[in-house]
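S.K.:
Numbering (the numbering used here), first residue to last: 19 to 353.
Right, dumping it as structure tokens:
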């Protein structure tokens with residue numbers, strides 16, 4: 019894989035003005051986009067926006083709100099969506115004939131003379147490719163794979179509109195029908211620079227427990243195990259925008275002085291300063307930031323497919339482990 023300096027050289031070689039396009043479907047996507055933004059030289063003419071800034075409200079509701087509802091309440095459906103081509107293929111066929119007009123997006127690109135769009139994930143690339151196709155725009159599109167494995171979403175986009183693909187995994191490990199004409203770049207996914215400079219924690223008596231932007235996964239179950247088996251540990255619990263979970267934990271542990279509960283926060287940096295480990299579902303940005311800061315990573319189950327791939331990679335490359343009472347206890351005993 020290319021080095022950090024290679025990544026800097028590559029991103030600064032792209033034509034500017036340049037747009038980094040992320041999504042508000044979780045904080046992690048924005049965090050990776052912000053980290054990519056840091057690669058550019060100070061004088062670079064680079065913008066960072068979210069696709070939702072430009073999309074019609076109907077499409078935002080369809081893509082973003084529906085995803086949040088399904089991932090929170092009907093996780094089993096994600097397994098079908100992520101493994102059965104019909105869902106992505108239907109969307110591709112629909113746009114071949116419907117030709118959605120993205121007027122606000124087109125106006126932004128043209129008024130800022132954008133030459134290159136770096137799309138952080140397949141959804142942004144899908145809509146940018148549609149705009150380029152429908153409006154015959156003279157822009158280069160580079161897609162970024164934001165997980166450690168295959169994603170069906172990348173198989174069903176207008177590849178003839180895409181110029182390059184950036185992946186943390188080599189091309190020969192992927193099965194996404196990437197055309198041979200695509201400029202393929204194997205580059206590490208970055209964390210924001212502040213996480214590389216966080217000092218190591220001096221003790222193991224504080225840990226961070228979280229489940230991404232939406233506060234998903236086995237947070238409550240894990241908290242109960244930690245509290246009952248390791249009462250000496252200070253536990254910082256981030257619930258994200260899951261207000262129901264936040265209130266449940268606050269009510270249940272209101273008399274426990276070693277449990278600290280947070281809602282939606284901009285960054286985990288300040289909390290991570292005090293913690294020697296992170297217990298989390300395998301969300302990409304959390305894994306990258308915890309690893310960059312040198313924290314021990316424990317995992318609980320996340321959403322199907324994508325986060326299973328992320329977990330497998332983190333165990334192999336980030337020294338992560340599945341959380342259990344025995345694995346956590348063993349880590350506490352080691353020097």
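Glycine included, C-beta positions come from ideal geometry on N, C-alpha and C.
Tell me whether the beta-carbon of residue 214 lies closer than 8 Å to the beta-carbon of residue 255.
M.R.: No. Outside cutoff.
S.K.: Opposite residue 339 in the DSSP bridges: which residues?
M.R.: Paired residues: 316.
S.K.: Three-state secondary structure (DSSP) at residue 350?
M.R.: Residue state, collapsed to three classes: helix.
S.K.: Counting contacts by CB-CB distance shorter than 8 Å, is residue 119 in contact with chain C?
M.R.: No chain C appears in the structure shown, which is made up of a single protein chain.
S.K.: Residue 133 and residue 154 - do their beta-carbons sit closer together than 8 Å?
M.R.: In this structure, residue 133 does not lie closer than 8 Å to residue 154 by Cβ.
S.K.: Just the Cα atoms here: how many angstroms apart are residue 21 and residue 146?
M.R.: Approximately 28 Å between the Cα atoms of the pair.
S.K.: Verify whether the separation of the beta carbon atoms of residue 297 and residue 277 is less than 8 Å.
M.R.: The answer is no: Cβ separation not under 8 Å.
S.K.: In chain order, what residues of the same chain lie with their CB nearer than 8 Å to the CB of residue 193, ignoring the 5 residues before and after it?
M.R.: Cβ within range, chain order: 168.
S.K.: Can you list, in chain order, the residues of its chain whose CB lies under 7 Å from that of residue 130, leaving out five sequence neighbours each side?
M.R.: Excluding sequence neighbours, residue 130 sits near 35 and 65.
S.K.: So if DSSP puts residue 134 in a beta bridge, which residue, or which two residues, is it bridged to?
M.R.: In the DSSP output, where bridge partners are listed per residue, residue 134 has 36 and 158.
S.K.: Classify residue 59 as helix, strand or coil using the three-state DSSP reduction.
M.R.: Coil.
S.K.: Checking the sheet assignment: what are the DSSP bridge partners for residue 280?
M.R.: The partner list for residue 280 (beta bridge, DSSP) reads 256.
S.K.: Helix, strand or coil for residue 26 per DSSP?
M.R.: In the structure shown, residue 26 sits in a helix (DSSP, three-state: H, G or I).
S.K.: What residue does the beta strand (DSSP E) around residue 67 start on, and which one ends it?
M.R.: Here the beta strand (DSSP E) through residue 67 covers 64-68.
S.K.: Would you say residue 205 and residue 28 are within 8 Å of each other, going by their C-beta atoms?
M.R.: Against a cut-off of 8 Å, the Cβ pair of residue 28 and residue 205 comes out as a contact.
S.K.: Would you identify the three-state DSSP class for residue 221, choosing helix, strand or coil?
M.R.: Reduced to three states, the DSSP call for residue 221 is coil.
S.K.: Would the beta-carbon of residue 223 fall within 8 Å of that of residue 251?
M.R.: Contact: yes.
S.K.: Quick one: residues in its chain with C-beta nearer than 6 Å to the C-beta of residue 14, no 5 flanking neighbours on either side, listed in chain order?
M.R.: No answer is possible for residue 14: it lies beyond the span of the chain, which begins at 19 and ends at 353.
S.K.: Give the straight-line distance between the Cα atoms of residue 62 and residue 123, rounded to the nearest whole angstrom.
M.R.: Each residue's Cα considered, the two are about 21 Å apart.
S.K.: For residue 128, count neighbouring Cβ atoms within 10 angstroms of its own Cβ and tell me buried if that reaches 16, exposed if not.
M.R.: By the neighbour-count rule (16 or more Cβ atoms within 10 Å), residue 128 is not buried but exposed.
S.K.: Would DSSP call residue 179 helix, strand or coil?
M.R.: Residue 179 falls in the helix class under three-state DSSP.
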